[in-house]
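Here the structure comes first, spelled out in structure tokens, and everything after it is commentary.
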Ligand code: NAD
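Residue numbers (our numbering): 685 to 1059.
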């Protein structure tokens, strides 16, 4: 049943200000879908770079406002990137955004008594799958990494037979066959490359092979296996060295490497060292999607391209922004699912610590924030 407009919760959508960020957290179609539950204020220009102009938001029932007003009047503020200077909401508000692993953000929000529903904390359960922004954006990053890598390569991905001669297909490998790696494998297969995949989780082999790719190092037992929640466990130092050496001869035959190996909350495993770079063919390209957490390659630097022995190592940290329209569509679909879930039974956000999704998002905040507010 629709809630009386005067009782509806007010949700504000901020324009992203981080350099190179073109996505928006909520698109007009999802605002329309949530219309009976909430009223929306959207910062002017919030969706412009992703192809959603202010008029489309107004057509979906939202009001356009300036950043300051949104921060002042909204009960819930929604954005993608962690809040920067000037984006910390007023006391008692709720912020939905990334940034839950950044101690500065966590501290700044706690000091203001802002409840932070950090999107990294969405549990990896079937019920929460539709809210999982890390998965939706990793999938887009996997796709975009192959296009970026292909553009940087001086060779074609597919085999090409012409009157001038025959071009062999490029050889590609995805290191880490989770959400991003599997999407990279599927994309490179569609583009005609000879595709390989590798992961320390045994379950990944079947997924790699089901996409028509070859699983590398099938005879080598250097796995760290699977830990809780379907993630990989961390390897010992000896296992890491052993894995790097085993991978190096394999990598020496590859032209495109999409590196996606991650361990949540830990630095990314280094799978490619300088020695391996020295063995690879000049002109090869590594797209390292783990750049933000240290990289899978020893020389990776976030948002830079480093060339060693003619091998280009790219460290893009925001590939989804290159595909801003569809990346926003998926991100927004996740946020809509989350808000609909939290507003299912009330006109206020239902943050019930006994509910597994709320409890994961809150991470103990209701208790600590109330204590800070009372102090
Ligand atoms: P991730 O981004 O944390 O890591 C990417 C991949 O790197 C993982 O597959 C991991 O096993 C691999 N990896 C870690 N260390 C490695 C190493 N030393 N060498 C090679 N590979 C290494 O993980 P992700 O992509 O977000 O997801 C991991 C798993 O969780 C997948 O099986 C995925 O299907 C599953 N998942 C489940 C849900 C859900 O149930 N809702 C949602 C998302 C993902």
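Think of the CB as a built atom: it goes at the ideal place given N, C-alpha and C, for glycine as much as any other residue.
Within 8 angstroms, strictly: CB atoms of residue i and residue j
i	j	result
residue 762	residue 718	no
residue 895	residue 873	yes
residue 767	residue 758	no
residue 1004	residue 828	yes
residue 953	residue 919	yes
residue 856	residue 924	no
residue 692	residue 713	no
residue 970	residue 941	yes
residue 897	residue 884	no
residue 826	residue 887	no
residue 666	residue 980	The chain is shown only over 685 to 1059; residue 666 falls outside these bounds and no answer can be derived.
residue 1045	residue 805	yes
residue 976	residue 1001	yes
residue 778	residue 1022	no
residue 731	residue 739	no
residue 922	residue 947	no
residue 949	residue 785	yes
Cutoff 8 angstroms: residue i Cβ touching any chain B Cβ
i	result
residue 997	Here chain B cannot be found, since the structure has a single protein chain.
Opposing strand residues paired with residue i [DSSP bridges]
i	result
residue 881	858, 899
residue 800	779
residue 965	According to DSSP, residue 965 bridges with nothing at all.
residue 972	943
residue 727	749
residue 996	969, 991
residue 844	851
residue 722	693
N- and C-terminal bounds of the beta strand (DSSP E) containing residue i
i	result
residue 1015	Segment 1008-1026 is the alpha helix (DSSP H) holding residue 1015; no beta strand (DSSP E) there.
residue 1061	The chain is shown from 685 up to 1059; residue 1061 falls before or after that span and cannot be answered.
residue 694	693-697
residue 761	760-762
Whole-Å CB distance - residue i paired with residue j, under 8 angstroms assumed
i	j	result
residue 742	residue 697	Residue 742 to residue 697, Cβ: 13 angstroms. No contact.
residue 773	residue 801	At roughly 12 angstroms, the Cβ-Cβ gap does not stay under 8 angstroms, so residue 773 and residue 801 are not in contact.
residue 955	residue 929	At roughly 11 angstroms, the Cβ-Cβ gap does not stay under 8 angstroms, so residue 955 and residue 929 are not in contact.
residue 744	residue 715	5 angstroms
residue 1047	residue 824	Not confirmed; about 26 angstroms, so no contact.
residue 998	residue 834	Not a contact, Cβ separation roughly 12 angstroms.
residue 1036	residue 1030	Actually they do not touch by this definition, with Cβ atoms about 10 angstroms apart.
residue 733	residue 706	4 angstroms
residue 729	residue 752	Contact doesn't hold; Cβ gap of about 14 angstroms is too wide.
residue 900	residue 945	Wrong, their Cβ atoms sit about 13 angstroms apart, outside the cutoff.
residue 853	residue 870	16 angstroms between Cβ atoms; not a contact.
residue 995	residue 1038	The Cβ separation is near 52 angstroms, so there is no contact.
Range of the contiguous alpha helix (DSSP H) that encloses residue i
i	result
residue 956	Element bounds for residue 956: n/a, residue is neither H nor E.
residue 871	863-874
residue 769	No alpha helix (DSSP H) holds residue 769; DSSP gives it neither H nor E.
residue 740	738-743
residue 1042	1040-1046
residue 1030	Where residue 1030 is concerned, there is no enclosing alpha helix (DSSP H), given that its DSSP letter is neither H nor E.
residue 825	817-836
residue 717	712-717
residue 892	887-894
residue 1003	Element bounds for residue 1003: n/a, residue is neither H nor E.
residue 933	921-935
residue 708	Looking at the DSSP string, residue 708 is not in any alpha helix (DSSP H), and its letter there is neither H nor E.
Tell me, please, whether the segment 819-828 touches the segment 1004-1022 by the rule of three or more beta-carbon pairs shorter than 8 angstroms. yes
Would the segment 956-966 and the segment 838-851 be scored as touching if the rule is three or more Cβ pairs under 8 angstroms? no
Touching or not, the segment 849-862 and the segment 881-893, by the rule of three or more beta carbon pairs under 8 angstroms? yes
So, do the segment 980-996 and the segment 786-796 have three or more beta carbon pairs nearer to each other than 8 angstroms? no
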